[in-house]
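Residue numbers (our numbering): 12 to 172.
Glycine is no exception: its CB is placed at the ideal position from the N, C-alpha and C atoms.
All values derive from a computational prediction rather than experimental measurement.
Here's the structure we're looking at; comments come further down.
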């Protein structure tokens, strides 16, 4: 499958899931970073475990899918828990930032499993070359978003007066 098509499909899924659940970007972004660290620690062993179960055939696609699942698992759990955006603009910006950051974390695992050809090679190369910058900026924005988040009990007190 074409790498551009796969990334476009993933972008739509990430954006829609973050937009519908209204979750704030800060916690989701940090969850992606935690998932990335866990995939670095458990990735090889988890790939072997999935292959040994016999559900999926052993190979680069199984390893890439396992690594991607480990990266996404913490943020997928937090899509159903945590602070939410109250405005539509916040939801759009948060979902867009989550989408870009999730794709930056998934560039390497998916690139090893997908056949790169044509324009996909150029796009993939650009993403790999700018991956660290995207993740660095995304992490800074995630931490700032956490600082801008008000606890629910403070928001309720303020709105009563």
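Please return the same chain residues whose Cβ sits closer than 7 Å to the Cβ of residue i, not counting the five positions on each side in sequence.
i	result
residue 56	none
residue 74	58
residue 160	35, 37, 94
residue 22	110, 114
residue 151	none
Starting from the C-beta of residue i, find all residues in its chain whose C-beta is less than 6 Å away, skip the five residues before and the five after it, and write them out in chain order.
i	result
residue 146	115
residue 128	none
residue 10	In this structure the chain extends from 12 to 172, so residue 10 is not present and cannot be described.
residue 149	40, 112
residue 79	117, 120
Closest to residue i by CA distance: which of the options is it?
i	options	result
residue 33	13, 99, 49, 85	99
residue 113	14, 41, 15, 13	41
residue 72	88, 123, 102	123
residue 83	120, 102, 130, 160	120
residue 31	101, 63, 13, 64	101
residue 153	64, 39, 79	39
residue 13	136, 130, 63	130
If you check the beta carbons only, do residue i and residue j fall under 8 Å apart?
i	j	result
residue 85	residue 46	yes
residue 2	residue 132	As displayed, the chain neither begins before 12 nor continues past 172, which places residue 2 out of reach and without an answer.
residue 35	residue 96	yes
residue 125	residue 24	no
residue 77	residue 61	yes
residue 15	residue 134	yes
residue 29	residue 110	yes
Short of 8 Å in beta carbon distance, which residues of its chain neighbour residue i, apart from the five on each side in sequence? Order them along the chain.
i	result
residue 155	37
residue 81	46, 49, 50, 53, 54, 57
residue 26	106, 107, 109, 110
- request: May I ask you to verify whether the stretch 92-106 touches the stretch 57-70, counting CB pairs closer than 8 Å and requiring at least 3?
  value: no
task: Taking only runs that begin and end inside the stretch 49-132, name each unbroken alpha helix (DSSP H) of 4 or more residues, in chain order.
output: 71-89, 99-124
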